[in-house]
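K.L.:
Position one of the sequence shown corresponds to residue 79 (our numbering), numbered consecutively onward.
Have a look at this one before I ask anything.
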Amino acid sequence: MINKRGFALLLVFAVLVALSSILFAFLAMVSGEMRNVSAGLQNIQAFYIAEAGRAKARWALTTDEQSVGWGETNNDPFGIGIGAYVVTTEYSDAPTNEQVTITSKGYVPDSSNPSAKRQVIESDIPAAATSTGSNLSLGATASASSEGGKDPASDAIDGDSKSKWKADDSGDAWLKLDFGSSTTFNQVVINGQNKIDSATFYHSADDSGYSAVTNMTEDPTWTFTFDEVSDRYLRTNIVATTGKKGKADTPEVDELETYGSSGGLGRGEFSTSW
Numbered sequence: 079m080i081n082k083r084g085f086a087l088l089l090v091f092a093v094l095v096a097l098s099s100i101l102f103a104f105l106a107m108v109s110g111e112m113r114n115v116s117a118g119l120q121n122i123q124a125f126y127i128a129e130a131g132r133a134k135a136r137w138a139l140t141t142d143e144q145s146v147g148w149g150e151t152n153n154d155p156f157g158i159g160i161g162a163y164v165v166t167t168e169y170s171d172a173p174t175n176e177q178v179t180i181t182s183k184g185y186v187p188d189s190s191n192p193s194a195k196r197q198v199i200e201s202d203i204p205a206a207a208t209s210t211g212s213n214l215s216l217g218a219t220a221s222a223s224s225e226g227g228k229d230p231a232s233d234a235i236d237g238d239s240k241s242k243w244k245a246d247d248s249g250d251a252w253l254k255l256d257f258g259s260s261t262t263f264n265q266v267v268i269n270g271q272n273k274i275d276s277a278t279f280y281h282s283a284d285d286s287g288y289s290a291v292t293n294m295t296e297d298p299t300w301t302f303t304f305d306e307v308s309d310r311y312l313r314t315n316i317v318a319t320t321g322k323k324g325k326a327d328t329p330e331v332d333e334l335e336t337y338g339s340s341g342g343l344g345r346g347e348f349s350t351s352w
């Protein structure tokens with residue numbers, strides 16, 4: 079009888095061990111699945127945090143809040159204390175500067191010790207195209223370093239190619255536009271230029287301190303495109319040609335046209351990585 083009881087006890091013990099093993103294996107499996115679910119959720123969170131950084135960059139560049147080269151680190155983009163992104167912007171085709179790349183990295187729970195991270199890149203984004211709309215010069219007031227009585231500076235912005243501004247003095251000169259208030263522009267077209275070798279452009283808010291435009295290109299000839307600026311004044315510094323006798327010529331301009339940007343960015347190539 080004792081042997082039977084001992085055998086029964088051993089059998090019960092074996093069953094309990096087997097059940098415990100099954101239970102522990104089940105718990106381990108559930109725990110592993112929970113960890114996988116948690117990791118998957120965090121990876122999804124990191125992706126959408128990175129997307130938030132990319133969206134912020136597109137908004138900043140499109141609305142002219144920032145220019146290309148801007149970047150930002152935001153340690154709580156959704157205001158809930160979870161997640162961070164680091165976003166950068168750059169021209170991907172320098173020095174032509176016609177395409178932009180946005181790189182955004184999302185982190186959970188933070189960027190210093192992340193348990194999940196995701197990188198989102200939008201590359202080769204066409205930069206804002208030049209507008210073919212209104213000539214902003216038509217609403218401005220013009221002045222010049224000098225002007226002849228019958229060829230005033232105002233004739234360079236009257237929309238009539240038959241009239242012109244002609245400097246009263248020979249040599250280098252300047253032609254200045256006052257838009258009346260802060261105006262956004264990124265292109266100047268000089269039509270009917272005569273006895274002019276080259277031109278450079280400066281902008282100012284108060285007609286006092288002037289800054290040169292940046293990243294200027296000339297294509298086609300006498301069509302100048304540069305980084306968009308917002309200011310009240312535009313000054314064109316003109317280098318006069320030299321005549322046959324070595325004396326500087328007297329510059330003339332039929333029309334000085336100014337244009338703004340159409341705004342916005344095109345759609346680039348999208349990629350993501352862990």
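By construction, the Cβ of each residue, glycine as well, lies at the ideal position given by its N, Cα and C atoms.
1) Would you call the CB atoms of Tyr163 and Ala130 closer than 8 Å?
2) Where Thr314 and Leu139 are concerned, what is the direct C-alpha to C-alpha distance, given to the nearest angstrom?
3) Closer than 8 Å is the cut-off here; do at least three beta carbon pairs connect the stretch 243–258 with the stretch 311–331?
4) Does Ala290 pass the burial test, meaning 16 or more other C-beta atoms within 10 Å, or should it be called exposed?
5) If you reduce the DSSP assignment to three classes, tell me which class Asp256 lands in.
6) May I ask you to report which of helix, strand or coil DSSP gives Gly324?
7) Can you give me the C-alpha to C-alpha distance between Ala318 and Ala251, rounded to a whole angstrom?
8) In angstroms with no decimal places, state the Cα-to-Cα distance between Pro187 and Ser98.
9) Report the residue ranges of all beta strand (DSSP E) runs contained in full by the stretch 149–195; include only those spanning at least 3 residues, in chain order.
10) Kindly identify the DSSP beta-bridge partner or partners of Asn272.
11) Have a look at Lys242, Leu88, Trp148, Asp284 and flag the residue whose alpha-carbon is nearest the alpha-carbon of Lys273.
12) Can you grab the Cα-Cα spacing for the pair Arg132 / Thr181, in whole Å?
13) Drop a sphere of 10 angstroms on the beta-carbon of Ile158, count the other beta-carbons inside from all chains shown, and report buried for 16 or more, exposed for fewer.
14) Is it the case that the Cβ atoms of Ser260 and Asp332 are separated by a distance below 8 Å?
15) Buried or exposed for Ala207, going by 16 or more other Cβ atoms inside 10 Å?
16) For Lys323 and Ala283, I'd like the C-alpha separation in whole angstroms.
P.N.:
For this structure:
1) If you number the sequence shown from 1, residue 163 lands on position 85. If you number the sequence shown from 1, residue 130 lands on position 52. Result yes, Cβ atoms of Tyr163 and Ala130 sit closer than 8 Å.
2) By 1-based counting over the sequence shown, the position of residue 314 is 236. By 1-based counting over the sequence shown, the position of residue 139 is 61. About 27 Å.
3) Yes, the stretch 243–258 is in contact with the stretch 311–331.
4) Within the sequence shown, residue 290 is the residue found at index 212, counting from 1. Using a 10 angstroms sphere on the CB of Ala290, the tally of other CB atoms stays under 16, which defines it as exposed.
5) The residue labelled residue 256 in the question sits at position 178 within the sequence shown. In the structure shown, the three-state DSSP call for Asp256 is strand.
6) Taking the sequence shown and counting its residues from 1, the one referred to as residue 324 is at position 246. The three-state secondary structure of Gly324, taken from DSSP, is coil.
7) Counting from one through the sequence shown, the residue named residue 318 turns up at place 240. Counting from one through the sequence shown, the residue named residue 251 turns up at place 173. Taking C-alpha positions only, Ala318 is separated from Ala251 by approximately 7 Å.
8) Within the sequence shown, the letter at position 109 stands for residue 187. Within the sequence shown, the letter at position 20 stands for residue 98. Pro187 and Ser98: Cα-Cα distance of roughly 36 Å.
9) Those beta strand (DSSP E) runs which fall completely within the stretch 149–195 and span 3+ residues are 149–152, 162–169, 177–186.
10) Locating residue 272 in the sequence shown gives position 194, where the first residue counts as 1. According to DSSP, which records beta bridges pairwise, Asn272 is partnered with Glu330.
11) On the sequence shown, position 195 is the one that residue 273 refers to. Answer by Cα proximity: Lys242.
12) Against the sequence shown, residue 132 aligns to sequence position 54. Against the sequence shown, residue 181 aligns to sequence position 103. If I take the Cα positions, the gap works out to 7 Å.
13) Here residue 158 is taken as the residue at index 80 of the sequence shown, counted from 1. With fewer than 16 other Cβ atoms within 10 Å, it is exposed.
14) As a working note, residue 260 is residue 182 in the sequence shown. As a working note, residue 332 is residue 254 in the sequence shown. In this structure, the beta-carbon distance from Ser260 to Asp332 does not fall below 8 Å.
15) Looking up residue 207 in the sequence shown gives position 129. With a pLDDT of only 47 at Ala207, under the threshold of 50, the placement of this residue in the model should not be trusted, and no figure is reported.
16) Locating residue 323 in the sequence shown gives position 245, where the first residue counts as 1. Locating residue 283 in the sequence shown gives position 205, where the first residue counts as 1. Rounded to whole angstroms, the gap between the alpha carbons of Lys323 and Ala283 is 40 Å.
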